[in-house]
């Protein structure tokens with residue numbers, strides 16, 4: 003029985019991971035800039051926007067939180083933000099688990115801090131390279147660090163541009179998040195199970211939106227889609 007290659011981390015691996023992210027650079031910059039615009043529209047200060055964007059580093063969840071956010075904050079708004087953000091980030095449970103064969107061999111003192119930089123993009127890159135036999139987990143870390151740096155900087159022009167935009171919808175900025183999720187689905191589609199479970203999740207979410215309004219559709223859609231995916235078999 004052939005032993006699997008040892009897991010390592012090198013600066014060359016980190017650099018290659020960053021290079022793999024270059025094709026996603028335009029979309030990431032645009033996405034981050036739009037968040038800066040949204041934050042400015044919601045009345046956040048520049049310092050608050052930078053801290054929120056860099057320390058949360060959750061992409062779509064940040065947009066959802068800003069949609070719910072109102073000033074002054076109330077306990078109802080806080081619970082709503084926690085609920086919808088948790089629903090959007092529920093996918094991270096499975097995404098993180100899928101990296102276990104690789105990062106499970108790395109000391110926990112390195113693994114858990116590195117998971118802060120986990121995104122949909124560097125997760126896809128890491129799995130692709132792992133399936134090719136790559137065992138330098140610098141691929142994962144380098145791509146995550148690169149995306150974090152770009153994401154943190156891209157919010158700056160968006161924030162100052164946002165002060166000049168009275169109606170983001172007039173510029174089509176309200177379609178950025180739906181477009182991001184649609185693009186994200188394409189590399190994840192693998193067959194009938196995804197098609198049916200996604201259709202169920204979308205249908206339940208739309209029905210909930212019509213009946214209850216607000217953002218409950220995110221939570222009901224996520225739960226129904228997860229249950230459908232768990233019980234359906236190809």
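In the working numbering, the protein residues as written are 3 to 236.
Note that CB positions come from ideal geometry on N, CA and C, so glycine has one too.
On a predicted model such as this, the values are computed, not experimentally measured, just so you know.
Could you name the residues that DSSP lists as bridge partners for residue 10? Here residue 10 is taken as the residue at index 8 of the chain shown, counted from 1. Its beta-bridge partners are 138.
Quick one, which of 158, 192, 204, 200 has its alpha-carbon nearest residue 41's? If you number the chain shown from 1, residue 41 lands on position 39. Cα-wise, what sits closest to residue 41 is 158.
Is the beta carbon of residue 210 sitting closer than 8 Å to the one on residue 219? Translated into positions along the chain shown, residue 210 becomes position 208. Translated into positions along the chain shown, residue 219 becomes position 217. Contact: yes.
Sequence-distant residues of the same chain with beta carbon closer than 7 Å to residue 100, five excluded per side: By 1-based counting over the chain shown, the position of residue 100 is 98. 129, listed in sequence order.
Three or more C-beta pairs closer than 8 Å, one from the stretch 51 to 64 and one from the stretch 86 to 106: is that the case here? yes
Buried or exposed by the 16-neighbour rule on C-beta atoms within 10 Å, applied to residue 76: The residue given as residue 76 occupies position 74 in the chain shown. Classification of residue 76: exposed, given that the 10 Å Cβ count is below 16.
Distance, residue 139 Cα to residue 103 Cα: Counted from its first residue, the chain shown places residue 103 at position 101. Counted from its first residue, the chain shown places residue 139 at position 137. One alpha carbon belongs to residue 103, the other to residue 139, and they sit about 11 Å apart.
Count the other CB atoms, across all protein chains shown, that sit within 10 Å of the CB of residue 207; report buried if there are 16 or more and exposed otherwise. As a first step, residue 207 must be located in the chain shown, where it is residue number 205. Its Cβ being crowded by 16 or more others within 10 Å, residue 207 is buried.
Given residue 214, which residues of its chain have a CB within under 8 Å of its CB, disregarding the five upstream and five downstream residues? Within the chain shown, residue 214 is the residue found at index 212, counting from 1. Leaving aside the five residues that flank residue 214 on each side, none in its chain has a CB nearer than 8 Å to its CB.
Reduced DSSP secondary structure (H/G/I, E/B, other) of residue 76: In the chain shown, residue 76 corresponds to position 74, counting from 1. Looking at residue 76 - three-state DSSP - the assignment turns out to be coil, as it is neither helix nor strand.
Ends of the alpha helix (DSSP H) at residue 92? For the purposes of this step, residue 92 is taken as the residue at position 90 of the chain shown. Run containing residue 92: none; DSSP gives neither H nor E here.
Output needed for residue 67: all residues of its chain with C-beta closer than 6 Å, excluding positions within five of it in sequence on either side, in chain order. Within the chain shown, numbered from 1, the residue matching residue 67 stands at position 65. The answer, listed in chain order, is 83, 87.
Buried or exposed for residue 125, please, with buried defined as at least 16 other CB atoms from any protein chain shown within 10 angstroms of its CB. For the purposes of this step, residue 125 is taken as residue 123 along the chain shown, with counting starting at 1. Buried, by the Cβ-count rule.
Please state if the CB of residue 23 and the CB of residue 118 are separated by a distance shorter than 8 Å. The sequence position of residue 118 within the chain shown is 116, counting from 1. The sequence position of residue 23 within the chain shown is 21, counting from 1. No, the Cβ-Cβ distance between residue 118 and residue 23 is not below 8 Å.
So, helix, strand or coil for residue 23, using DSSP? Counted from its first residue, the chain shown places residue 23 at position 21. If DSSP states are grouped into helix, strand and coil, residue 23 belongs with coil.
In terms of residue numbering, what span does the alpha helix (DSSP H) encompassing residue 215 cover? Working through the chain shown from its first residue, we reach residue 215 at position 213. No residue range can be given for residue 215, since it is assigned to no alpha helix (DSSP H) and is classified by DSSP as neither H nor E.
Beta-carbon proximity list for residue 160, same chain, < 7 Å, skipping 5 on both sides: Along the chain shown, one-based indexing puts residue 160 at 158. Closer than 7 Å at Cβ, skipping near neighbours: 34, 35, 36, 37, 38, 39.
Would you identify the three-state DSSP class for residue 108, choosing helix, strand or coil? Walking along the chain shown from the start, residue 108 turns up at place 106. Per DSSP, reduced to three states, the secondary structure at residue 108 is coil, with no helix or strand assignment.
With 16 other CB atoms within 10 Å as the buried threshold, where does residue 141 fall? Looking up residue 141 in the chain shown gives position 139. Counting Cβ neighbours within 10 Å, residue 141 comes out buried, since at least 16 surround it.
Are the CB atoms of residue 31 and residue 154 nearer to each other than 8 Å? Stepping through the chain shown from its first residue, residue 31 is reached at position 29. Stepping through the chain shown from its first residue, residue 154 is reached at position 152. Not closer than 8 Å, so no.
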